[in-house]
Amino acid sequence: MAYETTAACGYELTTSGTFKEVHLPIASPRPDDIVAAVHLVGICGSDLGVYLGRHPYKRAPAVLGHEMCGHVVAVGSGVSRVRVGDHITTSAFCPCGSCSQCSGGMVNLCAGRTNLSHEDWPGCFATHVVLREPMITVLPHDMPHEQGTLVEPLSIAWHALQRPDTRPQHVAVIGAGGIGAATVLLAHRAGATKVTAIDRGVAKERLARKLGASCFLDAGDLDDRAKYTDVNADLTVVTSGHPSCLTEALELTRPRGQVVVVSYSGSDVSIPLDGFVGNEITLLTSHLAVGSEVEEIVTMLSNGLDASRLITHRFPIHDVEAAFDLLTSPEGVSAGRVVLENRLKEDLR
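Here my numbering is used: position 241 in the sequence shown is 221, and no number is missing along the way.
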């Protein structure tokens, strides 16, 4: 269908580690394409990984970003589920739809998926983005943009909390930023009556307690480190990629408890296997989320879950470089979710 926007303004991470404004032509959408105007987009830990040169496969130059909320301005001829004007969010990838994992409902494990902001597919650090119908979640029209842009990271945290085969009463979360903060927020909804957060600094403690943590241990405080073995968590969720985290998880988890690892480390890590075996602690991993979990998050947000507390900083999208400067500064250690906002309403046709 015809639409007014024929080009987008994007912000591309260059090989020199800076961002530059780029012109992104948008052709008429292919049959399963959706063109969306971007209202808000969050900076994911994976975006920061690309910026720092630590991502396992994404590299500059690239227009990053996938944690978006926006509205549809055009659809391809084969699109049936999404309409122009719909408020939407997206996953970070498009599943192939035909492999055994997709057929079994585990699209998060699709080996043939294509990834947004990778291999010439510009992401959401832009005024507009081209997406594909299988990626899209339609949001209630009255859902605030702040809530919509958090659906994807919340669904990743929710998936991690669904991985154990029992409902944990006491959840410990290593890392209270990004996915870790979302895990703290959702732990009570997964059945926890107590949540212990582990991170560094007063600002992270304030954020964790605001999100529902009843206890906070400072990983940089030797006195707090000595308390790890007293935690006895039923479930420990590892959202930090620091090499010591599996050792810390072992200390925090009760015998016959469970550990779920969400984070990538970027390198091989040592597993204290004797401790896991000797205490019959189950080690699980968690990757992305599936569609039913995304819909559950949308329902929670519609029914009163206030996830906007996760957001600690906002920048206009043209100040994306300042946002990354913050995240890589000493102050960035205490940041929660950082979002970029398209404030030029004339661009959001």
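Note that beta-carbon positions come from the ideal geometry of N, C-alpha and C, so glycine has one too.
Straight through space, the alpha carbons of E(-8) and K38 are spaced by roughly 13 Å. Taken through DSSP and simplified to helix, strand or coil, A140 comes out as helix. Residue state for K174 is assigned as strand, using DSSP reduced to three classes.
Under the three-state reduction of DSSP, E260 is assigned to coil, being neither helix nor strand.
Out of T308, H139 and V318, the CA that lies nearest to the CA of Y31 is found in T308. A direct Cα-to-Cα measurement between V239 and V249 gives close to 15 Å. Taking the Cα positions, V15 is about 44 Å away from I251.
Rounded to whole angstroms, V53 and C104 show a C-alpha spacing of 15 Å.
Inter-segment contact for the segment 199 to 218 and the segment 134 to 154 is present: three or more beta-carbon pairs are separated by less than 8 Å. Per the C-alpha coordinates, the member of E301, L166, Y208 and C24 positioned closest to R234 is Y208.
Taking all protein chains in view, the Cβ of G45 is crowded by 16 or more other Cβ atoms within 10 Å, so the residue is classified as buried. Inter-residue distance for H108 and Q81 is about 31 Å (C-alpha atoms, whole angstroms).
Within the same chain, V240, L264 and S266 come within 6 Å of R143 by CB-CB distance, once the 5 residues on both sides are set aside.
In the assembly as shown, A162 is a buried residue. Its beta-carbon has 16 or more other beta-carbons within 10 Å.
Note: Y(-9) is bridge-paired with E1 in the DSSP secondary-structure output. Look at the beta carbons and you see the segment 125 to 136 touching the segment 268 to 283: at least three pairs across the two are nearer than 8 Å. Within the same chain, Cβ atoms closer than 8 Å to the Cβ of M86 are found at V270, the five residues on either side in sequence being excluded.
When the Cα atoms are used, P36 and C24 turn out to be separated by approximately 15 Å. Around the beta carbon of T69, a 10 Å sphere encloses 16 or more other beta carbons of the protein chains shown; the residue is thus reported as buried. Runs of the beta strand (DSSP E) lying entirely within the segment 181 to 221, each at least 3 residues long, are 195 to 198 and 213 to 218 in chain order.
Here L165 has L191, G192, A287 and L290 as same chain residues with Cβ atoms under 7 Å from its own Cβ, once five neighbours each way along the sequence are excluded. Residue pairing by DSSP places T129 opposite no residue, since no beta bridge is assigned to it. Per DSSP, C104 lies in no beta strand (DSSP E) and is assigned neither H nor E.
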